[in-house]
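Student: The structure follows.
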Amino acid sequence: QKRLGILTSGGDCPGLNAVIRAVVNHATLTYKWQVVGIPYATRGLLERKAIPLSIHGLDLRGIDPLLNMGGTILGSINKGDTLAHVDEIIAGYHALELDALIGIGGDGSLTILNQLQSQGNWQFIAIPKTIDNDVGKTERVVGFDTAVNTIVDALNRLTFTAASHDRVMIVEVMGRKAGHLALHSGIAGGADVILIPEIPYSIKGVCEHLAELRDRWGRRFAIVVAAEGAQIAADSFSHPSCEKPSCGMGQYIADEIRHCSNDQIDIRVSVLGHIQRGGIPSALDRLIATVFGKAAVDLLADGQSAQMVAWQNGQVVAVPLEDVLACSPCLVDPNNFLVQTARSLSTYMGNIT
Ligand code: F6P
Numbered sequence: 002q003k004r005l006g007i008l009t010s011g012g013d014c015p016g017l018n019a020v021i022r023a024v025v026n027h028a029t030l031t032y033k034w035q036v037v038g039i040p041y042a043t044r045g046l047l048e049r050k051a052i053p054l055s056i057h058g059l060d061l062r063g064i065d066p067l068l069n070m071g072g073t074i075l076g077s078i079n080k081g082d083t084l085a086h087v088d089e090i091i092a093g094y095h096a097l098e099l100d101a102l103i104g105i106g107g108d109g110s111l112t113i114l115n116q117l118q119s120q121g122n123w124q125f126i127a128i129p130k131t132i133d134n135d136v137g138k139t140e141r142v143v144g145f146d147t148a149v150n151t152i153v154d155a156l157n158r159l160t161f162t163a164a165s166h167d168r169v170m171i172v173e174v175m176g177r178k179a180g181h182l183a184l185h186s187g188i189a190g191g192a193d194v195i196l197i198p199e200i201p202y203s204i205k206g207v208c209e210h211l212a213e214l215r216d217r218w219g220r221r222f223a224i225v226v227a228a229e230g231a232q233i234a235a236d237s238f239s240h241p242s243c244e245k246p247s248c249g250m251g252q253y254i255a256d257e258i259r260h261c262s263n264d265q266i267d268i269r270v271s272v273l274g275h276i277q278r279g280g281i282p283s284a285l286d287r288l289i290a291t292v293f294g295k296a297a298v299d300l301l302a303d304g305q306s307a308q309m310v311a312w313q314n315g316q317v318v319a320v321p322l323e324d325v326l327a328c329s330p331c332l333v334d335p336n337n338f339l340v341q342t343a344r345s346l347s348t349y350m351g352n353i354t
């Protein structure tokens, strides 16, 4: 009987518990393995902690809460001091008598876990999760869809209040160095301006676009979605005093628009922050989580290791972790069809250089 460990690492996102549920279910029912949860990612290995997991462990009148519960029941750490304790963490894996490990993480955590598994000679399978959608070699990750829906819901609400007061609403969204969240939610939420790290823009361009909306189309409000990692514009008046992260990207863009409009535009800023990481996972995220969890267990049963489960062309496949990490973080291609679509619908997105 195999003893399988599972851990969640890096920033949480909706759908992690659904992965845990799928892994426990499939591993215990199909393969009769024992599954233990490692709390707080590598810290749990370091401290040699393992929690036995059973599919009926959280029984609430027969209701299985894990499928639709946000966050992670195992806890997670974002920036631990893992690299200072590599040998003890590897020893912890063996002390816990694990035969295999499933790690659910984004590109940062998977880089560290890949180093540990290769040095420790672990049997290891990775499952990609992140609201940033920046893990390479996979078209889908756990958590992104729910975050996009959360932002679109916020944009719906902000549009009505912006329209009622003739305001420009700047909405700052997460995504780290990648613009996937801003791009997807901006299109789905009908944003007038979308600023992402991958595409340079000018403040003049933003202001001219807002003026055109007003003068040509009679629009008295506008929605600007700005990725937290968007660039500082070359023609910025506050540059370089307004450096990230000392000034939030949304606030920075608001100040710039105020300046270029001679304070004639009424602007408000909404920083959505960690609201984007919470909530009940969407149906799509539950589906991805369930499919990935099952596939990861099957890969281990097949004797495979150092692979990540990935969604490619409508299939779930195994990709060597090394190949995934070689192209992560995976950024938005500035010429992709989503950018072209947004531009065709007269959304200002800056200039592809
Ligand atoms: O990587 C996920 C993410 O939510 C990013 O979009 C964001 O920049 C970061 O994590 C926030 O991290 P923390 O939870 O440490 O504030």
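Per the UniProt record's numbering, the very first residue in the sequence shown carries number 2; after that it's consecutive.
Note that the Cβ used here is the ideal one computed from N, Cα and C, for glycine as well.
1. Given this structure, state the Cα-to-Cα distance separating T348 from A192, to the nearest angstrom.
2. Quick one: grab the DSSP three-state call for A238.
3. Give every residue of the same chain whose Cβ lies closer than 7 Å to the Cβ of R168, excluding the five residues on either side of it in the sequence, and list them in chain order.
4. Skipping 5 residues on each side, what residues in its chain have a beta carbon closer than 7 Å to that of T112?
5. Apart from the five residues just before and just after M70, which ones in its own chain have a Cβ nearer than 6 Å to its Cβ?
6. Is the beta carbon of I171 less than 8 Å from the beta carbon of V225?
7. Using a threshold of 7 Å, is the CB atom of E229 nearer than that to any non-hydrogen atom of the ligand F6P?
8. Given a cut-off of 8 Å on the beta-carbon distance, is the pair D216 and S239 in contact?
9. Can you say whether F338 is buried or exposed, counting buried as having 16 or more other CB atoms within 10 angstroms of its CB?
10. What did DSSP end up calling F293 once you bin it into helix, strand or coil?
11. Is the beta carbon of D146 within less than 7 Å of some heavy atom of the ligand F6P?
12. Assuming P282 contacts P15 (C-beta within less than 8 Å), just tell me the rounded distance between them.
13. Inspect the beta-carbon positions of A28 and L8 and report whether they are closer than 8 Å.
14. Within the present structure, is the beta-carbon of N134 separated from the nearest heavy atom of the ligand F6P by less than 7 Å?
15. Taking the alpha-carbon positions, what's the G206 to G351 distance?
16. Report the rounded CA-to-CA distance for residue 1 versus V310, giving the unit in angstroms.
17. Only counting the same chain, and skipping five residues up and downstream in sequence, which positions put a Cβ closer than 6 Å to that of G279?
18. Would you mind listing the beta strand (DSSP E) stretches within the stretch 254–280 that are 3+ residues and don't spill past its ends, in chain order?
19. Measuring CB to CB, does G176 end up less than 8 Å from E229?
20. From what residue to what residue does the beta strand (DSSP E) around F338 run?
21. Once the 5 residues before and after L68 are set aside, which same chain residues still bring their CB inside 7 Å of it?
22. By Cβ distance below 8 Å, which residues in the same chain neighbour A235 in space, the five residues on each side in sequence not counted?
23. If we ignore side chains and look at the alpha-carbon of each, how far apart do I258 and S237 end up?
24. Say yes only if the C-beta of G16 is nearer than 7 Å to one or more non-hydrogen atoms of the ligand F6P, and no if none qualify.
25. Within its chain, find whatever has a CB closer than 8 Å to the CB of L159; leave out the 5 residues flanking it on each side and keep chain order.
26. Considering only residues of the same chain and omitting the five flanking positions on each side of C261, which have a CB-CB separation below 6 Å?
27. Using the C-alpha atoms, what's the distance from P330 back to D108?
28. Three or more beta-carbon pairs under 8 Å between the stretch 288–302 and the stretch 118–130, yes or no?
29. Let me check understanding here. Comparing Cα to Cα, which of N150, L196, H166, G187 lies closest to R220?
30. Name the one or two DSSP bridge partners that W218 has.
Tutor: The relevant details are as follows:
1. Taking the straight line from one Cα to the other gives about 7 Å.
2. Sequence inspection shows Phe at residue 238; the Ala mentioned does not correspond to that position. Of the three classes helix, strand and coil, the one that applies to F238 here is coil, per DSSP.
3. Excluding sequence neighbours, R168 sits near F222, D267, I268, R269.
4. L326, listed in sequence order.
5. Correct list, in chain order: N18.
6. Yes, the Cβ-Cβ distance between I171 and V225 is below 8 Å.
7. Look at E229: its beta carbon is less than 7 Å from one of the heavy atoms in the ligand F6P.
8. In this structure, D216 keeps its C-beta atom at 8 Å or more from the C-beta atom of S239.
9. F338 counts as exposed, since fewer than 16 other beta carbons sit within 10 angstroms of its beta carbon.
10. If DSSP states are grouped into helix, strand and coil, F293 belongs with the helices.
11. Checking every heavy atom of the ligand F6P against the Cβ of D146, none is found closer than 7 Å.
12. Between P15 and P282 the Cβ distance is about 4 Å, and since that is below 8 Å, they are a contact.
13. Result no, Cβ atoms of A28 and L8 do not sit closer than 8 Å.
14. N134 Cβ: outside cutoff for every heavy atom of the ligand F6P.
15. Answer to the nearest angstrom: the Cα atoms are 7 Å apart.
16. No information on residue 1 is available, as it lies outside the stretch 2 to 354 that the chain covers here.
17. If you ignore the 5 residues before and after G279, its C-beta comes within less than 6 Å of the C-beta of G71, all in its own chain and listed in chain order.
18. For the stretch 254–280, whole beta strand (DSSP E) runs of length 3 or above, ordered along the chain, are 268–272.
19. Yes; because the gap between Cβ atoms is below 8 Å, this pair is in contact.
20. No beta strand (DSSP E) contains F338, which is instead part of the alpha helix (DSSP H) from 338–345.
21. So the qualifying residues of the chain are A19, R22, R287.
22. The residues are P201, S203.
23. About 10 Å.
24. With a cut-off of 7 Å, the C-beta of G16 is classified as distant from the ligand F6P, since no heavy atom of the ligand falls inside that distance.
25. M170, V172, I224, S271.
26. I204, C208.
27. Each residue's alpha carbon lies about 6 Å from the other.
28. Contact annotation: the stretch 288–302 touches the stretch 118–130, with at least three C-beta pairs closer than 8 Å.
29. H166 is the residue among N150, L196, H166, G187 whose C-alpha sits nearest the C-alpha of R220.
30. Paired residues: none, contrary to the question.
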